[in-house]
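> In the order they appear, the protein sequences are chains A and B.
For what it's worth, this note's numbering labels the leading residue of the first sequence as 14, then goes sequentially.
For what it's worth, this note's numbering labels the leading residue of the second sequence as 14, then goes sequentially.
Pasting a structure here, questions to come.
Protein chains: 2
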Amino acid sequence: MESSAFVPASQFSLFPTKPHTTANRPTHLPFKFKPWKSTTCRPTTLQCHKMYVPGFGEASPEAKAAKHLHDFFTYVAVRIVSAQLQSYNPEAYEDMMQFLETHPLNDGDKFCADLMRESSTHKTLALRILEVRSAYCKNDFEWDNLQRLSLKMMDDRNTRLMRDYVSETTSSEK
Amino acid sequence: MESSAFVPASQFSLFPTKPHTTANRPTHLPFKFKPWKSTTCRPTTLQCHKMYVPGFGEASPEAKAAKHLHDFFTYVAVRIVSAQLQSYNPEAYEDMMQFLETHPLNDGDKFCADLMRESSTHKTLALRILEVRSAYCKNDFEWDNLQRLSLKMMDDRNTRLMRDYVSETTSSEK
Numbered sequence: 014m015e016s017s018a019f020v021p022a023s024q025f026s027l028f029p030t031k032p033h034t035t036a037n038r039p040t041h042l043p044f045k046f047k048p049w050k051s052t053t054c055r056p057t058t059l060q061c062h063k064m065y066v067p068g069f070g071e072a073s074p075e076a077k078a079a080k081h082l083h084d085f086f087t088y089v090a091v092r093i094v095s096a097q098l099q100s101y102n103p104e105a106y107e108d109m110m111q112f113l114e115t116h117p118l119n120d121g122d123k124f125c126a127d128l129m130r131e132s133s134t135h136k137t138l139a140l141r142i143l144e145v146r147s148a149y150c151k152n153d154f155e156w157d158n159l160q161r162l163s164l165k166m167m168d169d170r171n172t173r174l175m176r177d178y179v180s181e182t183t184s185s186e187k
Numbered sequence: 014m015e016s017s018a019f020v021p022a023s024q025f026s027l028f029p030t031k032p033h034t035t036a037n038r039p040t041h042l043p044f045k046f047k048p049w050k051s052t053t054c055r056p057t058t059l060q061c062h063k064m065y066v067p068g069f070g071e072a073s074p075e076a077k078a079a080k081h082l083h084d085f086f087t088y089v090a091v092r093i094v095s096a097q098l099q100s101y102n103p104e105a106y107e108d109m110m111q112f113l114e115t116h117p118l119n120d121g122d123k124f125c126a127d128l129m130r131e132s133s134t135h136k137t138l139a140l141r142i143l144e145v146r147s148a149y150c151k152n153d154f155e156w157d158n159l160q161r162l163s164l165k166m167m168d169d170r171n172t173r174l175m176r177d178y179v180s181e182t183t184s185s186e187k
């Protein structure tokens, strides 16, 4: 590491790793010096060992990721409903495809809101998408699998990036 | 619903909800008609009650979502490292900001690969980002919270979309 700024991620914390608590106090000392203040004398130090993530304002990274997933669930629901329509209702399928050509799916809620206001037929499609994305998110999506795949992808990609770099630099030195 | 194509999501399945099993067979009947075939007579019907999601090829929606999250973790790691550099190493912080102006963060792996090849100083930054994104994904990111927030967001947004539509149509009818 070239600079003192590179603190290992596991050690980086905004707060002391062992904040003052009363748990380690010797038992022979009186526990409450001012027992009448016991209900208000809470330790004010936050017990946070996580890295500080700036730039999310009042929202958390988890909330931001949930928003990403929310749009993804809308995309999946549109796929599911389109496949159903293609089999059972070709006319509605055509309507859906035409609407998709002119309306991007980046913002799932805006897409559904616009679809709802297009026509009576489109409104039915929009309600169906709302229903499907909710059911998919609650019942079908494998949350445990998502975590497992993410952790594996992280290890695989990091290894590949470093391996590619090393093989590149080694071959250019030859 | 205007069309027979709109099957409730809970009922939609490619496979019968109660596949034939031997679990409900009356006990007074002989269990194995051909016991010599017992090891090969497995039911061939897949017991899948999930909605069919087309368009992901060989990958699953979970794998696609994991890729989205992977890029998000890189974005978070860049934020974390930038904030650390701003405090401890202003020169490296400037290098990072200049690189960010010319290289998009959409594809996290490509960003790291390019950063690694920019210069020796940038390579150290890239290795730090790889380290931080891995630590963040494994230790800091609250996976349970992601699921909780996603489910809540789904209910909230669906309710809001329908409420907004109803209030619009009601007010325009007055």
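Heads up, the beta-carbon is just placed ideally off N, CA and C, and yes, glycines get one too.
Any idea if A/Gln111 is buried or exposed, counting beta-carbon neighbours within 10 angstroms, 16 or more meaning buried?
Per the 10 Å Cβ criterion, exposed.
> Given a limit of 8 Å on CB to CB distance, which residues of the region 74 to 90 of chain A reach chain B?
Going along the region 74 to 90 of chain A in chain order, one finds Pro74, Glu75, Ala76, Lys77, Ala78, Ala79, Lys80, His81, Leu82, His83, Phe85, Phe86, Val89 with a Cβ nearer than 8 Å to chain B.
> Could you confirm whether any beta carbon from chain B is found closer than 9 Å to the beta carbon of A/Arg130?
Yes, because at least one Cβ of chain B sits closer than 9 Å to the Cβ of A/Arg130.
> Would you verify that the beta carbon of A/Gln111 is, or is not, closer than 9 Å to some beta carbon of chain B?
Not an interface residue.
> According to DSSP, is B/Ala72 helix, strand or coil?
The answer is coil: DSSP assigns B/Ala72 none of H, G, I, E or B.
> Are A/Ala79 and B/Leu118 touching if we call contact CB-CB under 9 Å?
No, the Cβ-Cβ distance between A/Ala79 and B/Leu118 is not below 9 Å.
> Classify B/Gln74 as buried or exposed, calling it buried when 16 or more other Cβ atoms lie within 10 Å of its own Cβ.
Here residue 74 of chain B turns out to be Pro, not Gln, going by the sequence shown. B/Pro74 should be labelled buried.
> Give the secondary structure of A/Cys61 by DSSP, where H, G and I count as helix, E and B as strand, and everything else as coil.
Coil.
> Mapping the DSSP letters down to three states, classify B/Phe124 as helix, strand or coil.
Reduced to three states, the DSSP call for B/Phe124 is helix.
> Sorted by chain position, which residues of the same chain lie with C-beta nearer than 8 Å to A/Arg146's C-beta, five sequence neighbours on each side aside?
Phe86, Thr87, Val89, Ala90, Gly121, listed in sequence order.
> In the DSSP assignment, find the unbroken alpha helix (DSSP H) run with A/Asp108 in it and report its ends.
Per DSSP, A/Asp108 belongs to the alpha helix (DSSP H) from 103 to 115.
> Take the Cβ of A/Val152 as the centre, count every other Cβ of all protein chains shown within 10 Å, and call the residue buried at 16 or more, exposed below.
Checking the sequence shown, residue 152 of chain A turns out to be Asn, not Val. Exposed: under 16 other Cβ atoms inside 10 Å.
> At least one CB of chain A closer than 9 Å to the CB of B/Pro67: is that the case?
Yes - at least one Cβ of chain A is within 9 Å of the one on B/Pro67.
> Taking only the alpha-carbon atoms, compute the straight-line gap between B/His62 and A/Tyr149 and give it to the nearest angstrom.
The straight-line gap from Cα to Cα measures roughly 11 Å.
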